[in-house]
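Right, one structure below, let's go through it.
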Amino acid sequence: MRTTVLTLATAGAVTAALLTAPAARAATSPAWRASMQHESLRHGSRLLTVGKTTWAFGGRGYRDGRATAFRREGPTWRQVALPSQARGEVVAADAGSASDVWAATLGTKNGQPVAMRFDGRRWKTVQTLGNTIVTAVTVVGPRNVWVFGTDGPTDRRPVAWHGTPRGWKKTTMPFVVWSADLRSGRDLWAVGWRSGGGPVAGRFDGKRWRSVPDPRGSLPAALRDPAKAQLVYGRLFAARGTLWLAVNASIWSAQRTDAYLLRFDGKRWRSERLPKRVAWHENGSFVPDGKGGLWMFASTGDYRSFLFRRTASGSWSSSPVKGTGLQYVELADLAPAPGGGLLGSAGWETRTTATGGVLSYR
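Following this line, the structure appears as structure tokens:
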């Protein structure tokens, strides 16, 4: 591997050291290898693949600093300048197309969170978000985007910013949305939790948010009892009309957390427990395998991540996430790699330093 220093042509951009993979490799079994490295991605970045492009978003955290964005086309990554208002880190992103990419920032003590859009040429700030702590971004269509979150760290009032051709409107939500996706067309589903209550799911019918069949009904009875377990909904993902939902179940008596995968076929929810004692990462994504199955990841909690594959027939396989010369690799997100394989954002350690970036699996 070699380190290449790239200088941005965009005005006001910075120089970044990016780690690129060798141009050719001998045919081997699938393995994790460093694709790009940058300190701002140390704590795990958000990944987003749209068409032939993959984005990796990171930042410096709440105290101060600028959010960062990296774009991969072909084998090469380059840093792309974000608006000056993009402070903190990017916490959520989604896209309708390669020229309609949206992202929202956490903000810092010195700057409000913002919603930004990439139009195929550059990023622009579209809307400042006041004191909203962003939890999710979902693009429904051209000029139709939702930004979900809560009003401030203490109020925790669930809110949504909805951007349409008529402008932006901020509304109070019936629950805090943690993850949302389109089941089909404009059929928008979301999961999260009620303020002061348990997990919940809902659906937007074009005018208002409505209740849907409770995913908890598919889980073992003991897990549905708040006195025995705590349930936390994670990533919601739609593929071919089917909804997939990550659920962590913390069992009080056993002092452990089990990871469940739930599936909704349009009529009812079904559940299955992952075949290892792991927990979902709060931002972990699902990636279709092209054969009706899914790739996903979960962690043992001691800096060890596992890659899972569930086939269309329901069989499971798993393998630890390891890279040559890398220690304590912990994935934070997963995305398909254009041309085949997977990309995973991660933090890791070597013998001399702790850093992060993007790993490739192929």
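Under the working numbering, the sequence shown has 17 at position 14, and the numbering climbs by one with no breaks.
We treat Cβ as the ideally placed atom computed from N, Cα and C, and that holds for glycine.
DSSP bridge partner residues for residue i (one or two, in chain order)
i    : result
Y263 : V250, R276
W366 : Examination of residue 366 is not possible in this model, given that the chain is present from 4 through 365 alone.
M119 : A106, T128
R146 : Paired residues: none, contrary to the question.
G133 : DSSP, once it has assigned bridges, lists no residue as partnering G133.
S348 : D336, V361
V203 : G195
Q2   : Missing from the structure shown is residue 2; the chain here goes from 4 to 365 and no further.
D154 : T135, R160
G166 : V148, W171
D190 : S187
V140 : V150
T97  : The sequence given here has Asp at residue 97, not Thr. DSSP lists W105 as partners of D97.
Minimum C-alpha distance to residue i - residue among the options
i    : options                : result
G304 : A335, D292, G295       : A335
R273 : S288, W298, V281, V250 : V250
T111 : R49, G269, L277, R69   : R69
T131 : K172, L51, T141        : K172
P161 : A193, R146, V143       : A193
K55  : Q115, T138, T79, G350  : T79
D292 : H284, P278, V143, F311 : F311
R271 : L222, E352, W212, V281 : L222
R276 : M176, A241, R313       : R313
F73  : Q88, L44, A89, R63     : L44
V290 : F267, L239, G326       : L239
T71  : T52, E42, T175         : E42
L265 : G77, F207, R219        : R219
G47  : H284, F309, L246, P177 : H284
G205 : P177, S348, S198       : P177
S302 : F267, A349, N134       : A349
T128 : G166, T138, T327, T175 : G166
A241 : G295, L329, W212, V150 : G295
M299 : A257, W247, Q233       : W247
Q233 : T245, G200, R213       : G200
W212 : V235, V180, V148, S198 : V180
Local Cβ density within 10 Å of residue i, reported as buried at 16 or more and exposed below that
i    : result
W58  : buried
N113 : exposed
A26  : Model confidence at A26 stands at a pLDDT of 40, short of 50, so the residue's coordinates are unreliable; what they give is reported in the following sentence. The residue is exposed, with fewer than 16 neighbouring Cβ atoms inside 10 Å.
E333 : buried
S38  : buried
G170 : exposed
D261 : buried
R255 : Note on residue identity: the sequence assigns Trp, not Arg, to residue 255. Looking at its Cβ environment, which holds fewer than 16 other Cβ atoms inside 10 Å, W255 is exposed.
Y364 : buried
T356 : exposed
R75  : buried
D97  : buried
P116 : buried
A19  : With a pLDDT of 41 at A19, under the threshold of 50, the predicted position of this residue should be treated as unreliable, and no value is reported.
R28  : In this predicted model, R28 has a pLDDT of only 44, less than 50, meaning its place in the structure is not dependable; the value taken from the coordinates is given anyway. With fewer than 16 Cβ atoms within 10 Å of its Cβ, R28 is classed as exposed.
A224 : exposed
Y306 : exposed
A30  : Note that A30 scores 45 on pLDDT, short of 50, meaning its location in the model is unreliable and no value can be drawn from it.
L346 : buried
A139 : buried
Q40  : buried
R81  : buried
P323 : exposed
T10  : At T10, the pLDDT of 27 sits below 50, so the modelled position is not reliable; the number obtained from the coordinates is stated separately. With fewer than 16 other Cβ atoms within 10 Å, it is exposed.
R280 : exposed
Residue i CB to nearest heavy atom of the ligand SAH below 6 Å
i    : result
Y263 : This structure lacks the ligand SAH, and indeed carries no ligand of any kind.
Q: Give, in chain order, every unbroken run of the beta strand (DSSP E) that is at least 3 residues long and sits entirely within the region 284 to 338.
A: Qualifying beta strand (DSSP E) stretches, in chain order: 297 to 302, 308 to 313, 319 to 323.
Q. Are the region 332 to 342 and the region 315 to 322 in contact at 8 Å, needing three or more beta carbon pairs?
A. Cβ pair count under 8 Å is below three, so no.
(Q) Check whether the region 101 to 113 and the region 121 to 132 touch, using three or more Cβ-Cβ pairs below 8 Å as the test. (A) Per the Cβ contact rule, the region 101 to 113 is in contact with the region 121 to 132 (3 or more Cβ pairs under 8 Å).
Q) Below 8 Å, can you find three or more Cβ-Cβ pairs linking the region 177 to 190 to the region 219 to 229? A) Output reads no: the region 219 to 229 does not touch the region 177 to 190.
Q | Minimum length 4: unbroken alpha helix (DSSP H) runs contained in the region 215 to 243 | A | Runs found: none.
Q) At which residue ranges does the region 34 to 68 contain complete beta strand (DSSP E) runs of 3 or more residues, listed in the order of the chain? A) Correct list: 35 to 40, 49 to 53, 56 to 61.
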